[in-house]
Structure formats: structure tokens, C-alpha cells
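Enquirer:
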Amino acid sequence: ALRSRSGRSIINGNWAIDRPGRYEGGGTMFTYRRPNEISSTAGESFLADGPTNEVLDVYMIHQQPNPGIHYEYIIPGDNVISPQLLAHRRPGEPLNGQLGMPEGTSHEDEDLHRETDILTGQSAGTFPVIQPGRFPSHQPENQVPAMQPPRQNREHNWKQVGKTECTTTCGKGSQYPIFHCVNRITHEEVPEGYCDSSTKPVPEEEACNLFPCPAFWDIGEWSECSKTCGLGMQHRQILCRQIYANRTLTVQQYRCHHLEKPETTSTCQLKICSEWQIRTEWTSCSVPCGVGQRTRDVKCVSNLGDVVDDEECNMKLRPNDIENCDMGPCAKSWFLTEWSDRCSAECGAGIRTRSVVCMTNHVSSLPLEGCGNNRPSETTPCNNGPCAGKVEWFAGGWTQCSSECGSGTQQREVICVRKTEGNFDVLDPYECSYLEKPPIQQSCYLKPCGSKWFHTEWSTCSKSCEGGFRVREVRCLSDDMAASSQCDPQLKPEEKEPCNTQDCVPEIDENCKDKYYNCNVVVQARLCVYTYYKTACCASCTRVANRQSGFLGRR
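According to my numbering, the sequence shown is numbered sequentially starting from -1.
If you want it as C-alpha cells, here you go:
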């Protein structure tokens, strides 16, 4: 942007972008060029012939690394020959006694004249400067006077015959009067040599076509596409502009209502985006039980079907190629019911029973790895006292069913006896071996149990002394060993209980003794941290250490 020190914007001011063209400012005319931003790498440029009559400021805004600014300027030289003097000089005629150069002018000055011409692109007369003393007003005595131009015929003079064509069709242009040499009497045009060239009027600029030009839509360049692939959007700036006095002004949009406004946005697509493709199904889980992982093949594929780098696809839309899989818990435990309340024998030796089942331990804080081969016993001995004997094989009555519900067993005692008067003598079973021995156990089924509470064995106590706890898992299972919610909550076995509530007793080392009678002073002076005193007063230092650890434990 170009702006004067007074704050007047010349090019690209007031947050508006001007079209390339010619703009007046600073006493000169600036040519503003802006190459196509897409097809050209050249930058913008301001160019003016000059000279400028005020200080101008150039502003630049850039969104990429600063490409830099290249600038050139020209200033008038000191050794410039007056064009008026050159106009009255004949070819080959000396100039102030010199051929082509004034006195004292060196070849370096001649080079300077030529360099100035090259820089300005015009004749040296662009900046007419006559140095004082360089061209004396009087002629030396040995100087041949320059010939005066011949007098022109007074029968002819200059006459305005018209004007040049206006530089613009609207919006204030300029035109100049046209003067021709004519006969004063007949007013016929004659060659200009008949008129005195020194009297020819200087054409002065005149304004023309002052009415404003029609407003028009100034269409800016399209922005880059918002997406590098796929359907995106691009924008451009549309301004209502009007030209006046060689300046393009931004005006209110209602002045362009007679024209259809171009679109400011448009869809664009540089190329078809690559997309994610799932090439394989999920693999099997990496573990047979517990939580593992499974994978599948996901690739980024171009619109031509080629596998390309993942960066070519939208990473936010990438399907998962790895995920967790749960194959169920691996740990198992023995689940047990409580022992039956009834002994299988009303008297003598009998058994009590319980149900034992190996099941998966879904929720447990116990370090269980599996049921293993150490199946807990389903029976335990019981004895309700001695029984009276009978003759031969004596079969006692069947005991109550070992289970109040579901499948159980019944027991009875069969002994070899010999009846005596009022008594029975128990004999060795060998004595009755020739007789068929009645069965001593049979199965029984009283009624369906419904749901019962099962529990695991207790875990190891969390502490060896001063009170810990142990846990077990408790489940409600139906007759077919399926999870059930029909158990009586009031009969649910405890899942956690305290253990090892006894105080911790430090181990007594018989070799740990006080070797000095005043070890209490060592303790008071807190010297037990040193190896020598800790050994010499071992018992005293150990006692105070135990007291401190107990105090910290209670805290």
C-alpha cells in the first residue's frame, strides 16, 4: 500500500484492494502492477517517473516469510545543459567556444550526462539546470557570435483548429488544443515552417468528460482452495468501484445494483482424496482367556487404487486397526456349601456332606490361578456315640439324608455280632464273611433345593499380627449350578472377616544385649544411629526403635 505522510491513501487504502492501473499522488503518476498470484511468482510494484513533491510511505503485509523489497530511485544531476540553448545551436556550432561541452567539463561529466539519460529514460533536459558561471552572459572577444534564426514571414500565424480526443470517455479525462500554421488572410493551413516557432502557443491541458463513469463490479482473484483434496471452497473479493480522475474509487454497493453481482464463493476440487480401506477382518484374540488384542489391516488408498502414506488420508477418520478383546476370566475356584447339619449315623461313626463345584471366579481380589487337582473333600466324619449291637450282620437303620434337599447320601452301620444273653458280642467281620453284607450307603433325594449359597475358601490373612482381614467369594447358585438371586440374603455367608488380631511380638535376639550400664544416656543422646553405639547398646536401641515404629503405625 502507498500512503502520504498526511495520511491520504494513494493505492490499496482504507482496507480495500485496488486494481492494477495508474494512480496520481505525491506530485506524480504511479503505475501499480499486481501479477496473477497463482501463475506468477513476481511481486507487486509501484513505478513513477517523478519527481515527487512529498514524502510517501510504503506499507507491506505478508503471511509467508518476507520476500523482501527491491527499490530504485533517481535524482537530478548537476551538469545538465539548458534545452533552450541547445534549441538555437546549429549542428557543429561551438557551444560557448567549445564543441559540445562547456569550459571545464571533463570526460567524467560527459559520462555523467549519459548515465543520467539512461536512468531517467528521457533527455537530460527533463531537469533543466544551468549552473551559475558555467554559461557566461557575455561572449569572449575571440568568440564568433552565434547566428540568429531567420525572421519568419508575418503573413502567417498560429491558429487553434481543434482539440485532441479526450483521454477517457467518462470520469474526467484530459485533452489539449491543436495549433496549426495558417495564412492570416485565407486561413489556409501551410507548413509550420512559415510560422515563428517561438510564438507557437503551448498547449494546456483541459478537463473533459467530467461526468462519472458507470459503477462496475471489481472482481478479485480466487483464493486458494480450502482443501488440498476433495470438495473445498474458494473465495474472492467483489467490490463496487467507480472511475473518476484516473482513480478507481470504492463506492457503496447500491450503485452496482443495475449489474448482476458475481459470486464471492465457489466450490473447488484440486484432486480426489485418498480414503481409508479395511483390507482384512479382525484376527482372533491374542489370548485364550482374559483380555487380549485383535488386529486388522487398514490402508490409505488413492483414487487410483494404490496404497499411499497414511498422511494422504484424514487421520481423524482412520478406522481402528487394533482393539481389546475379552475372552472371559481365566481364574477358577472351588465353590463349597456349608457342611450338612445331620450326621449320617444316629449313633456310632457317620459322615456329614457338602457340595463342591469348580467355577470361574469372575470377580475376586484373591490370587487364584485355577481349581487344580486338590479338590476339597465332600464328606467329613461324625460320631453320635456308640450303638447297641445285633446278631450276625447287624444293619443299623439308614441315617437321615446327608442333604436336606437335592442329591445326598444315607449311611448305616453293618457289623458282625453275636448275640449273648442280654448282650451282643461284636466279632471280627471275617466271622461273617460267608454272609452277604448289606450295603452301608445309598443315595437319597428329599426335594429340590432351589438356590443355595456357595463360597470359596478363605484367602490368606492380610497381616500376620495386629489385626488383618481375609476374604472369600460368595455366590448364590441354583440346582443346575447357574447364578441365581433366590437365596435368602440373611443366610449369606460373610465375605470378609478379621484375622490375626494378636499383638505383634518382636523377635528377641539373645545376642542383642547392652554391654554398658549407661546405655540409657546413649538413647537420650540419640546416638543409636551410629553403628558403634547401636552394637554396644543393642537392647536399648532396639527397644526405642520398636516403640517409634509402633507409634508411627498407630498414627
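Backbone N, C-alpha and C define an ideal beta-carbon position, used for all residues, glycine too.
Being a predicted model, the structure only gives us computed values, none of them experimental.
Considering K532, what are the terminal residues of the alpha helix (DSSP H) in which it resides?
Expert: Sequence index remark: in the sequence shown, residue 532 carries index 534 (1-based). Where K532 is concerned, the enclosing alpha helix (DSSP H) stretches over 529 to 534.
Enquirer: What do you reckon, are the CB atoms on R470 and E493 nearer than 8 Å?
Expert: Residue numbering aside, residue 470 sits at position 472 when the sequence shown is read from its first letter. Residue numbering aside, residue 493 sits at position 495 when the sequence shown is read from its first letter. Yes. Within cutoff.
Enquirer: Below 8 Å, how does it come out for the stretch 196 to 206 and the stretch 247 to 266: are there three or more Cβ pairs, yes or no?
Expert: As far as the Cβ criterion goes, the stretch 196 to 206 does not touch the stretch 247 to 266, which means the pair count is below three.
Enquirer: Output needed for C485: all residues of its chain with C-beta closer than 8 Å, excluding positions within five of it in sequence on either side, in chain order.
Expert: Mapped onto the sequence shown, residue 485 falls at position 487. Closer than 8 Å at the Cβ level, and outside the excluded window around C485, lie S449, K450, W451, C474.
Enquirer: Let me know the secondary structure DSSP gives Q240 once reduced to three states.
Expert: Numbered from 1 along the sequence shown, position 242 holds the residue referred to as residue 240. Strand at Q240.
Enquirer: Cα-Cα, which of Q398, A40, S431 is closest to C414?
Expert: The residue labelled residue 414 in the question sits at position 416 within the sequence shown. Looking at the Cα atoms, S431 is the closest of the given residues.
Enquirer: From I217, L433, G66, pick the residue whose C-alpha is nearest to that of Y57; which is it?
Expert: In the sequence shown, residue 57 corresponds to position 59, counting from 1. Here the closest residue by C-alpha is G66.
Enquirer: Tell me the rounded alpha-carbon separation between T458 and A347.
Expert: For the purposes of this step, residue 458 is taken as the residue at position 460 of the sequence shown. For the purposes of this step, residue 347 is taken as the residue at position 349 of the sequence shown. C-alpha separation (whole angstroms): 33 Å.
Enquirer: From the DSSP output, which residues share a beta bridge with Y21?
Expert: The residue labelled residue 21 in the question sits at position 23 within the sequence shown. Answer by DSSP bridge pairing, in chain order: F28.
Enquirer: Among the residues of its own chain, which have a CB less than 8 Å from the CB of S284, if the five just before and after it don't count?
Expert: For the purposes of this step, residue 284 is taken as residue 286 along the sequence shown, with counting starting at 1. Cβ within range, chain order: G290, Q291, R292, C323.
Enquirer: In this structure, does DSSP put L444 in helix, strand or coil?
Expert: Translated into positions along the sequence shown, residue 444 becomes position 446. Looking at L444 - three-state DSSP - the assignment turns out to be coil, as it is neither helix nor strand.
Enquirer: So is D16 buried or exposed if we call it buried at 16+ other beta carbons inside 10 Å?
Expert: As a first step, residue 16 is located in the sequence shown; it is residue number 18 there, counting from the start. Classification for D16: buried.
Enquirer: Using CA atoms only, rank isn't needed, just tell me which of G288, R294, W274, C447 is closest to W280.
Expert: Position 282 of the sequence shown, counted from the start, is the residue given in the question as residue 280. It is R294.
Enquirer: With contact counted as at least three CB pairs below 8 Å, one residue from each stretch, are the stretch 331 to 341 and the stretch 374 to 382 in contact?
Expert: Yes: the two stretches touch, three or more of their Cβ pairs being nearer than 8 Å.
Enquirer: Keeping to the same chain, check which residues put their C-beta closer than 6 Å to that of R468; ignore five residues upstream and five downstream.
Expert: For the purposes of this step, residue 468 is identified with residue 470 of the sequence shown, where counting begins at 1. Excluding sequence neighbours, R468 sits near W456, S457, C459, C497.
Enquirer: Quick one, which of C164, T184, S7, K198 has its alpha-carbon nearest H178's?
Expert: Along the sequence shown, read from residue 1 onward, the residue named residue 178 stands at position 180. Nearest option by C-alpha distance: K198.
Enquirer: Within a Cβ cutoff of 7 Å, which residues of the same chain sit near K435, ignoring the five residues on either side of it in sequence?
Expert: One-based indexing of the sequence shown puts residue 435 at position 437. Cβ neighbours of K435 beyond the five flanking positions: W391, V412.
Enquirer: Return the chain-ordered list of same chain residues with a C-beta closer than 6 Å to the C-beta of G23, the five sequence neighbours on each side being excluded.
Expert: For the purposes of this step, residue 23 is identified with residue 25 of the sequence shown, where counting begins at 1. Correct list, in chain order: I8.
Enquirer: Just verifying my parser: in three-state terms, what is the DSSP assignment at G191?
Expert: Start at 1 with the first residue of the sequence shown, and residue 191 comes out as number 193. Helix.
Enquirer: In terms of residues, what are the limits of the beta strand (DSSP E) holding V469?
Expert: On the sequence shown, residue 469 is found 471 positions in, with the first residue counted as 1. Unbroken beta strand (DSSP E) run through V469: 466 to 469.
Enquirer: Between Q235 and E163, what straight-line distance do the alpha-carbon atoms span, to the nearest angstrom?
Expert: Residue mapping note: residue 235 aligns to position 237 of the sequence shown, counting from 1. Residue mapping note: residue 163 aligns to position 165 of the sequence shown, counting from 1. Near 35 Å, if we compare the C-alpha coordinates of E163 and Q235.
Enquirer: Alpha carbon to alpha carbon, how far is Y531 from R541? Give it in angstroms, no decimals.
Expert: Within the sequence shown, numbered from 1, the residue matching residue 541 stands at position 543. Within the sequence shown, numbered from 1, the residue matching residue 531 stands at position 533. Taking the straight line joining both Cα atoms gives about 14 Å.
Enquirer: Can you tell me which of the three DSSP states V554 falls into?
Expert: Any question about residue 554 goes unanswered here, given that the chain covers just -1 to 553.
Enquirer: For P148, collect the residues of the same chain with a Cβ closer than 8 Å to its Cβ; drop the 5 residues on either side in sequence, then sort them by chain order.
Expert: For the purposes of this step, residue 148 is taken as the residue at position 150 of the sequence shown. Confidence at P148 is low in this model, with a pLDDT of 47, below 50, so the placement of that residue is unreliable and no value is reported for it.
Enquirer: Just tell me which of T529, E508, C535 has its CA closest to the CA of V519.
Expert: Start at 1 with the first residue of the sequence shown, and residue 519 comes out as number 521. With distances taken between Cα atoms, V519 lies closest to C535.
Enquirer: So the candidates are T184, P49, T167; which of them puts its Cα closest to the Cα of T211?
Expert: Position 213 of the sequence shown, counting from 1, holds the residue named residue 211. The residue you asked about is not Thr; residue 211 is Cys in the sequence shown. Nearest C-alpha to C211: T167.
Enquirer: Let me check understanding here. Comparing Cα to Cα, which of N382, P33, P18, T351 lies closest to Q408?
Expert: Taking the sequence shown and counting its residues from 1, the one referred to as residue 408 is at position 410. Closest by alpha carbon: T351.
Enquirer: Between the stretch 309 to 323 and the stretch 436 to 445, do three or more beta carbon pairs fall short of 8 Å?
Expert: The stretch 309 to 323, when compared against the stretch 436 to 445, does not touch it at the 8 Å Cβ threshold.
Enquirer: Is the distance from the Cβ of S400 to the Cβ of S342 below 8 Å?
Expert: As a position in the sequence shown, residue 400 is number 402, starting the count at 1. As a position in the sequence shown, residue 342 is number 344, starting the count at 1. Yes, the pair counts as a contact, with Cβ atoms nearer than the cut-off.
Enquirer: So, is Y21 buried or exposed, given that buried needs 16 or more other C-beta atoms within 10 angstroms?
Expert: For the purposes of this step, residue 21 is taken as the residue at position 23 of the sequence shown. Answer is buried; the Cβ neighbour count reaches 16.
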